[in-house]
Amino acid sequence: MSINIAIIEDEPAIARNLEFTLKELNPEIQVLNKMDSVKSSVDWLQENMDACDLLFMDIRLTDGLSFDIFKTIKPSVPVIFITAYDHYALEAFKVNGLDYILKPFERDEVANALQKFRDARGIKSTGNDKIQELLNYLQTNENKSYREAYLVHFQNKLIPLPVEKIHWFFTEQEVVYAHTSDGKKYIIDSTLDKILAEISPKLFYRANRQFIVQRWAVKDIDFYFNGRLIINVESRPHEKIIVSKAKAPEFKKWLDE
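Okay, structure coming up:
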């Protein structure tokens, strides 16, 4: 089935990887254009929206939120978001009936998103009110307060563990651990997804599906095979913290801010 797609993503490596994955899944897919900013997207979509069947959009672009595009153009095709945004935003996508793929994305996730599009083919509107509602939700939560401590068990007691002392979170066999600046580790009764929604995105970064690292715990970064990175942190974990090639530019950008 032929599908005309436009990609709005400000990281060229991620945009290329997505295009490759889409064409691998369906050789009949046509990527009409790849854009990296709100302005370039508005300029192109004003003339070419009707030619598109589907949009893949990152949330944060070089010049603002991708939702700003819809302040100028009414969306008339379905949108799939590709995002590393906080978990609370992803929950908002679910509430508003919008699909999303979480970075770093896997091939199966893209395939599932395409299948959802096929199942709903023929519905040519995402609903401008839903897009605006989601934008309002995100902007309202921009200044949200973040968790400052977790209550943890330690030597038959409960103690408050300050978030600022946590160097990294790690999940293993469905158990989440917090490793601190003094080399100790504590079990956190939560999941990495929930934790990511509660802690500051300026201070913590989801490196992969097992690790969340703290900015000031990062000692240095090693280059690894196939464009990947290894994050070296204080209180070194028992396994490497690897950032995928697709997510490497985003991680370096976060660390450089």
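Under the working numbering, think of the first position of the sequence shown as 1, with each following residue one higher. Where is the CB? At the ideal position from N, CA and C, for every residue including glycine. Since the structure is predicted, the reported quantities are computational estimates derived from the model, not experimental observations.
Buried or exposed (CB count within 10 angstroms, at least 16 for buried), residue i
i: glutamine 214; result: buried
i: tryptophan 216; result: exposed
i: lysine 184; result: exposed
i: lysine 194; result: exposed
i: proline 12; result: exposed
i: asparagine 164; result: Position check: residue 164 holds glutamate in this sequence, whereas asparagine was assumed. Looking at its Cβ environment, which holds fewer than 16 other Cβ atoms inside 10 Å, glutamate 164 is exposed.
i: arginine 147; result: exposed
i: proline 27; result: exposed
i: serine 145; result: exposed
Contact set for residue i: own chain, Cβ-Cβ below 8 Å, skip 5 residues either direction
i: leucine 158; result: Leu151, Val152
Contact under 8 Å by Cβ, residue i with residue j
i: asparagine 17; j: leucine 32; result: no
i: cysteine 52; j: isoleucine 5; result: yes
i: threonine 180; j: isoleucine 199; result: no
i: leucine 114; j: leucine 25; result: yes
i: glutamate 19; j: aspartate 58; result: no
i: leucine 161; j: tyrosine 186; result: yes
i: leucine 196; j: threonine 171; result: no
i: phenylalanine 154; j: tyrosine 205; result: no
Neighbourhood of residue i by C-beta, 7 Å cutoff - its chain only, sequence neighbours within 5 removed
i: isoleucine 29; result: Ile3, Ile5, Leu22, Lys23
i: arginine 228; result: Ile242, Val243, Ser244, Lys245, Ala248
i: serine 190; result: Val176
i: valine 42; result: Ile69, Thr72, Ile73
i: tyrosine 224; result: Ile230, Ile242
Nearest-angstrom beta carbon gap, residue j and residue i [assumed within contact, 8 Å]
i: isoleucine 230; j: isoleucine 212; result: Not really, about 16 Å apart at Cβ, beyond 8 Å.
i: leucine 54; j: phenylalanine 117; result: 6 Å
i: threonine 72; j: serine 37; result: About 13 Å; that fails the 8 Å criterion.
i: isoleucine 7; j: lysine 39; result: With 8 Å as the limit, isoleucine 7 and lysine 39 do not qualify as a contact, their Cβ atoms being about 16 Å apart.
i: lysine 219; j: glutamate 234; result: 6 Å
i: proline 78; j: alanine 120; result: 7 Å
i: isoleucine 221; j: asparagine 232; result: 7 Å
Residues near residue i in its chain [Cβ-Cβ closer than 6 Å; skip 5 each side]
i: isoleucine 188; result: Tyr150, Val176, Ala178
i: isoleucine 80; result: Phe56, Asp99, Ala113
i: alanine 111; result: Leu25
DSSP beta-bridge partners of residue i
i: asparagine 33; result: Ala6
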